[in-house]
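One point on numbering: in my numbering, the residue at position 137 of the sequence shown is 137, and numbering is uninterrupted.
Ideal placement from N, C-alpha and C gives every residue a C-beta, glycine not left out.
For clarity, every value in this text was computed on a predicted model and none was experimentally measured.
These notes are about the structure you will find just below.
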Amino acid sequence: MFATVLPQPVTTPFPDDLFSAVTKLKRELNAVILAHYYQDPDIQDIADYIGDSLGLSRQAAQTNADVIVFAGVHFMAETAKILNPDKLVLLPDLNAGCSLADTCPPAEFAAFKAARPDHLVISYINCSAQIKAMSDIICTSSNAVKIVSQIPAEQPLIFAPDRNLGRYVMQQTGRELVLWQGSCIVHETFSEKKIVQLQTHHPEAEVIAHPECEESVLRHANFIGSTTALLKYCLTSDSQSFIVATEPGIIHQMRKDAPHKQFIPAPALNNCNCNKCPYMRLNTLEKLYLAMKHKSPEIILPEAIRAAAFRPIQRMLDLS
Ligand code: 13P
Ligand code: SF4
């Protein structure tokens with residue numbers, strides 16, 4: 001990860017009304033707050049825009065704000081910086097990484113790619129700037145199938161880093177992909193056994209799942225999609241009850257948008273808290289306030305990597 005951290009006072013007294021204080025700082029900085037659905041409810045409620053990775057990238061690409069406060073994980077804020085080299089991009093907690101991005105170290109991926117010189121590289125946006133810089137096209141969970149379908153059938157493809165999304169894209173497109181064997185610790189925590197048990201208690205509920213889940217879970221899903229797609233599906237489906245197999249932060253918006261419907265979070269196999277993303281949940285409203293007050297921590301990238309990572313992201317935005 002590339003970034004600088006300026007020291008922040010440990011004992012900063014927080015204003016009584018953090019919402020008003022953040023709103024005031026937003027005005028003073030001409031800032032926009034972009035938040036992912038896996039953030040805590042109070043962060044979602046103060047954000048200017050909440051979305052999935054594709055929606056957040058689009059917002060970052062078109063914002064007129066001087067400062068982007070990214071309430072999400074590092075690769076998301078990094079993508080905003082790649083698209084906006086002249087803007088200040090803040091991430092409330094620099095340790096908000098991503099287990100999936102971490103499964104793809106640049107040196108090993110460079111060797112994997114070098115062994116397949118005739119392959120194009122499609123990388124899921126959940127990866128570092130260095131991996132993006134080695135990629136031909138970036139995709140997200142909402143456009144991966146669409147992007148792969150647009151590439152001529154005879155072109156061999158590497159898909160990295162998520163093996164579960166890659167396998168799902170293979171099934172949907174009928175294409176053979178060479179998969180990097182990465183995965184997300186949160187989505188791999190959902191188990192077929194627990195989903196089936198829940199279904200017996202809620203036979204009327206539809207199962208909705210993120211494509212980062214394993215095949216054994218996806219096989220029980222009535223609908224599979226990105227976080228935004230899952231939210232839209234719940235609003236349009238006639239069903240009144242849903243078992244949600246993704247990070248349960250999204251349920252805050254589901255309940256806000258469809259208060260009369262029932263949303264049941266799919267539990268982790270051991271009934272632990274592991275269905276919550278430990279990286280996303282590092283951000284808090286307090287840290288968001290401090291980041292805006294001190295204009296730190298800031299995302300900083302070497303220009304050569306930023307420029308190389310920009311091209312495949314722009315290709316994605318053009319293709320989707
Ligand atoms: P979405 O693009 O569907 O929001 O997914 C982001 C993510 O990190 C899923 O784990
Ligand atoms: Fe990464 Fe998984 Fe967290 Fe998404 S849920 S940010 S893929 S660790």
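Report the partner residues of residue i according to the DSSP bridge assignment.
i, result
"I243", "V207 and I264"
"H36", "G51"
"L179", "F159"
"F190", "A268"
"F328", "Residue 328 lies beyond the residue range present for the chain, which begins at 1 and ends at 320; the question has no answer from this structure."
"A31", "V67"
Residues in the same chain with beta-carbon distance under 8 Å from residue i, minus the five sequence neighbours each way, listed in chain order, please.
i, result
"Q359", "Outside the shown range of the chain, which is 1 to 320, sits residue 359, and nothing can be said about it."
"I250", "Y37, Y38, T227, L230, L231 and V244"
"I147", "I122, I137, C139, M316, L319 and S320"
"D66", "L29, N30, A31, K87 and L88"
"Q150", "L319"
"L118", "Note on identity: in this sequence residue 118 is Asp, with Leu being the wrong assignment. Here the set comprises P156."
"R116", "P156, I158 and V178"
"V196", "H220"
"I114", "Residue identity differs from the one stated: residue 114 is Ala in this sequence, not Ile. Within the same chain, A114 has no close Cβ partners at all."
Kindly list the residues whose CB is nearer than 7 Å to the CB of residue i, restricted to its own chain and excluding five residues on each side of it in sequence; keep chain order.
i, result
"S183", "L100, T103, D162, R163 and N164"
"Q155", "L120"
"T79", "S57, A60, I125 and I313"
"A21", "P15 and Y289"
"A258", "C234 and L235"
"P248", "P265, N275 and K276"
"Q181", "R163"
"M76", "H36, S53, L56 and F70"
"E188", "E214"
"P85", "R306"
In chain order, what residues of the same chain lie with their CB nearer than 6 Å to the CB of residue i, ignoring the 5 residues before and after it?
i, result
"T246", "H210"
"A133", "I305, A308 and A309"
"E206", "N222, S239 and F242"
"K256", "none"
"Q360", "In the structure as shown, the chain starts at 1 and stops at 320, and residue 360 therefore has no counterpart that could be examined."
"L177", "L157, F159, G166 and M170"
"P41", "H252"
"T63", "V32"
"A35", "I43, Q44, A47, I50 and A71"
"S135", "V121, S123 and P312"
"K26", "none"
"S128", "A101"
"L83", "A60 and A61"
Cβ of residue i less than 8 Å from any chain B Cβ?
i, result
"N275", "The structure shown contains no chain B; it holds only a single protein chain."
* **4-residue-minimum alpha helix (DSSP H) runs that sit fully inside the region 120-162, ordered along the chain** => Taking only runs of at least 4 residues, the alpha helix (DSSP H) segments lying wholly in the region 120-162 are 129-133 and 144-149.
* Under 7 Å, CB to nearest heavy atom of ligand 2: contacting residues -> For ligand 2, the selected residues are Y38, V73, C98, S99, L100, A101, N126, C184, I185, V186, H187, E212, E247, C277, Y279 and M280.
* Do the region 280-295 and the region 83-100 meet, that is, are 3 or more Cβ pairs less than 8 Å apart? -> yes
* To do: For ligand 1, enumerate in chain order all residues having a CB closer than 5 Å to any of its heavy atoms.
  => That query returns the following residues: D52, S53, T140, S141, S226 and T227.
* Taking only runs of the beta strand (DSSP E) that begin and end inside the region 53-113, which ones reach a length of at least 3 residues, in chain order? -> 67-71 and 88-90
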